[in-house]
Amino acid sequence: MKHYLWLLMLTCPVLLAETVDIHDFPKGALGILSVARLTQGSLLWMQGRVGEGSYTTADSEGRHCTVKVPVVVGRVANTGLGIDSVTGLSIIVMNQQLSDALIKGERINSNEWHFAGVAEQLSADGYIVKGIEADEGFVLNSKRRWVSWLLDDKPALNCR
């Protein structure tokens, strides 16, 4: 009896535990772009941030697929000189064409798509969760280095 009690005590937490999906998409979302850290630079009237993030989406089989996405965020502002490491950003993708463009490695300019804050109740191609201010523009799938213009550098989709 004592052994059954120990067995019950050890298996109860396992049986009652919830499985947690680290990529639990909001309702209607096609994918999530997240960048953990960005490098920020300031030069006179320009302020910008660069980094590499991951766009995660689900394929037709239900697997989570991830592709690396270089990101540039910037604005014209009266700043000084400096370089710093800052927190990243998150964007929820709601539009199928935007999702396909990110997966294919196409350049996404924020002026060509409709992005809104996550708190706004507007229909949008993507919702900015954090990391981008209203007066900032951004480019997704920006080229990482000048040599990447010479190479046909396409992102690799990794599905699990």
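Read in order, the letters of the sequence shown are residues -17 to -1, 1 to 143 in mature numbering (1 follows the signal peptide of the UniProt record, and there is no 0).
Glycine included, C-beta positions come from ideal geometry on N, C-alpha and C.
All figures in this text were calculated on a predicted structure; none of them were measured in a lab.
Which stretch, first to last residue, makes up the alpha helix (DSSP H) that contains residue i?
i	result
I74	No alpha helix (DSSP H) holds I74; the beta strand (DSSP E) holding it covers L64 to V76.
S86	Before going on, a small fix: residue 86 reads as Ile here, not Ser. Looking at the DSSP string, the run of the alpha helix (DSSP H) that includes I86 is Q79 to K87.
Among residues of its own chain, excluding the 5 on either side of residue i, which ones have a beta-carbon nearer than 8 Å to its beta-carbon?
i	result
I91	L81, A84, L85, V122, L123 and N124
Could you check where the beta strand (DSSP E) with residue i kicks off and where it finishes?
i	result
S93	Premise fails: S93 is in no beta strand (DSSP E) and is neither H nor E.
L140	L140 -> no beta strand (DSSP E), and no H or E assigned at all.
V55	H47 to V59
Among the residues of its own chain, which have a CB less than 7 Å from the CB of residue i, if the five just before and after it don't count?
i	result
S17	G36, S37, G71 and S73
K51	E35, S37 and P138
A107	M77, H97, F98 and A99
S25	T62, G63, L64 and G65
Buried or exposed for residue i, please, with buried defined as at least 16 other CB atoms from any protein chain shown within 10 angstroms of its CB.
i	result
M29	exposed
R32	buried
Spatial neighbours of residue i within its chain, please: C-beta separation below 6 Å, excluding the five flanking residues on both sides.
i	result
A60	Q30
Closer than 8 Å, CB to CB, is residue i near chain D or not?
i	result
G63	Of the protein chains in this structure there is only one, and it is not chain D.
Beta carbon of residue i: closer than 7 Å to some heavy atom of the ligand MG?
i	result
S82	The ligand MG is not part of this structure, which contains no ligands at all.
query = What are the complete beta strand (DSSP E) segments, minimum 3 residues, inside the region 103 to 130?
reply = With a minimum length of 3 residues, the continuous beta strand (DSSP E) runs that stay inside the region 103 to 130 are 109 to 113 and 120 to 123.
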